[in-house]
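**Student:** Handing you a structure now.
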Amino acid sequence: MTTLPDRPNTALLIIDVQNGVVAASTNRDDVIANINTLVARARTAEVPVIWVQHSDDELKKGSESWEYVPELAREDTEPLVHKNYPDSFEDTDLESVLAEHKVGRLIVTGAQTDVCIRSTLHGAIVRGYDATLVADAHTTEDRSQYGAPAPEQVIAHTNLYWRWHEAPGRQGGTVETAEVTF
1 MTTLPDRPNT ALLIIDVQNG VVAASTNRDD VIANINTLVA RARTAEVPVI WVQHSDDELK
61 KGSESWEYVP ELAREDTEPL VHKNYPDSFE DTDLESVLAE HKVGRLIVTG AQTDVCIRST
121 LHGAIVRGYD ATLVADAHTT EDRSQYGAPA PEQVIAHTNL YWRWHEAPGR QGGTVETAEV
181 TF
């Protein structure tokens, strides 16, 4: 239902599942296992798997904390998008990668739920994409010391409000790993 013309394809987007990002995240191992399941299914279906990797002053490019977790293995042919802002589209080549693959629908996974996941979901909808959040394949760490709810509540709330998100000609939505269709 995307508003982007000639974009019939779907891509799996894996956002910031890096050592320093998910080290203290809720349900880390289960989320990574679900992402691995989705990666395998996407590859089998010949659906593009697009990796997004964040860097900033605290997450130095090339450092161990900047590296993707060892449980996830990117293939050399799979695009890697480097970013410096929460929205994976902002000042990156993500849009051109998606255009090259004629993608109009994104299946979104990764971390942190309350920062980069939310920003990218909204960024996708604003740019004309359909964006489905995999409800059990995203995570965040405990930021309650800064006034945020517990991570389980952040994840549940994001799943709740994104389930019904839509805009003219564009659709949000959530789905469990087992229910993802490519």
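Mapping the sequence shown onto full-length UniProt numbering, position 40 (from 1) lands on 40, and the numbers just tick up by one. Positions of the beta carbon are idealized from the N, C-alpha and C atoms, including for glycine.
Below 8 Å on the Cβ atoms is my guess for V126 versus V81; work out the distance and round it to an integer in Å.
**Tutor:** Counting from one through the sequence shown, the residue named residue 126 turns up at place 126. Counting from one through the sequence shown, the residue named residue 81 turns up at place 81. Incorrect: roughly 17 Å between the Cβ atoms, too far for contact.
**Student:** Give me the Cβ distance between V175 and T139, rounded to the nearest whole Å; I'm assuming they're in contact under 8 Å.
**Tutor:** Your numbering for residue 175 matches position 175 in the sequence shown. Your numbering for residue 139 matches position 139 in the sequence shown. Wrong, their Cβ atoms sit about 16 Å apart, outside the cutoff.
**Student:** As an exercise, report each continuous beta strand (DSSP E) stretch of at least 3 residues that is fully enclosed by the UniProt domain "Isochorismatase-like" (10 to 143), in chain order.
**Tutor:** Runs of beta strand (DSSP E) with 3 or more residues, each lying fully within the UniProt domain "Isochorismatase-like" (10 to 143), are found at 49 to 54, 80 to 83, 103 to 111 and 130 to 139, listed in chain order.
**Student:** Quick check: what's the CA-CA separation for T113 versus V103?
**Tutor:** What you label residue 113 is simply residue 113 of the sequence shown in a count that begins at 1. What you label residue 103 is simply residue 103 of the sequence shown in a count that begins at 1. Distance between the alpha carbons of T113 and V103 is about 23 Å.
**Student:** On the DSSP letters alone, give me the boundaries of the alpha helix (DSSP H) that H157 sits inside.
**Tutor:** Sequence index remark: in the sequence shown, residue 157 carries index 157 (1-based). Its alpha helix (DSSP H) spans residues P151 to R163.
**Student:** P86 and I50: beta carbons closer than 8 Å?
**Tutor:** Locating residue 86 in the sequence shown gives position 86, counting from the first residue. Locating residue 50 in the sequence shown gives position 50, counting from the first residue. For P86 and I50, no; Cβs fall outside 8 Å.
**Student:** So residue 186 and T10 are in contact, right, with Cβ under 8 Å, and what is the actual spacing, rounded?
**Tutor:** The shown model of the chain, from 1 to 182, leaves out residue 186, and the question about it has no answer.
**Student:** Near D136, what residues of its chain come up, given a Cβ to Cβ distance below 6 Å and the 5 sequence neighbours on each side ignored?
**Tutor:** Numbered from 1 along the sequence shown, position 136 holds the residue referred to as residue 136. N34, E176 and T177, listed in sequence order.
**Student:** For D91, is the classification buried or exposed, using 16 other Cβ atoms within 10 angstroms of its Cβ as the cut-off for buried?
**Tutor:** Numbered from 1 along the sequence shown, position 91 holds the residue referred to as residue 91. It counts as exposed.
**Student:** Quick one: using the 10 Å Cβ neighbour count with 16 as the cut-off for buried, is T109 buried or exposed?
**Tutor:** Taking the first residue of the sequence shown as position 1, residue 109 is located at position 109. Answer is buried; the Cβ neighbour count reaches 16.
**Student:** Classify T44: buried if its beta carbon has 16 or more other beta carbons within 10 angstroms, exposed otherwise.
**Tutor:** Here residue 44 refers to the residue found at position 44 when the sequence shown is read from its first residue. So T44 counts as exposed.
**Student:** Mapping the DSSP letters down to three states, classify A178 as helix, strand or coil.
**Tutor:** Position 178 of the sequence shown, counting from 1, holds the residue named residue 178. If DSSP states are grouped into helix, strand and coil, A178 belongs with the helices.
**Student:** What number of angstroms, rounded off, separates the C-alpha of Y146 from the C-alpha of T120?
**Tutor:** Sequence index remark: in the sequence shown, residue 146 carries index 146 (1-based). Sequence index remark: in the sequence shown, residue 120 carries index 120 (1-based). Going from the Cα of Y146 to the Cα of T120 covers about 22 Å.
**Student:** For my contact list, L59 and S65 are in at a C-beta cut-off of 8 Å; report their separation, rounded to the angstrom.
**Tutor:** The count along the sequence shown starts at 1 and reaches residue 59 at position 59. The count along the sequence shown starts at 1 and reaches residue 65 at position 65. So it is a contact: roughly 6 Å between Cβ atoms.
**Student:** Beta-carbon within less than 7 Å of S63's beta-carbon, same chain only, minus the 5 sequence neighbours each way: which residues are those?
**Tutor:** Against the sequence shown, residue 63 aligns to sequence position 63. Around S63: no qualifying Cβ.
**Student:** How big is the Cα-Cα spacing for P151 and G172?
**Tutor:** Walking along the sequence shown from the start, residue 151 turns up at place 151. Walking along the sequence shown from the start, residue 172 turns up at place 172. Distance between the alpha carbons of P151 and G172 is about 22 Å.
**Student:** Output the distance between the C-alpha atoms of D130 and S144, rounded to the nearest integer angstrom.
**Tutor:** For the purposes of this step, residue 130 is identified with residue 130 of the sequence shown, where counting begins at 1. For the purposes of this step, residue 144 is identified with residue 144 of the sequence shown, where counting begins at 1. Cα to Cα, D130 sits roughly 31 Å from S144.
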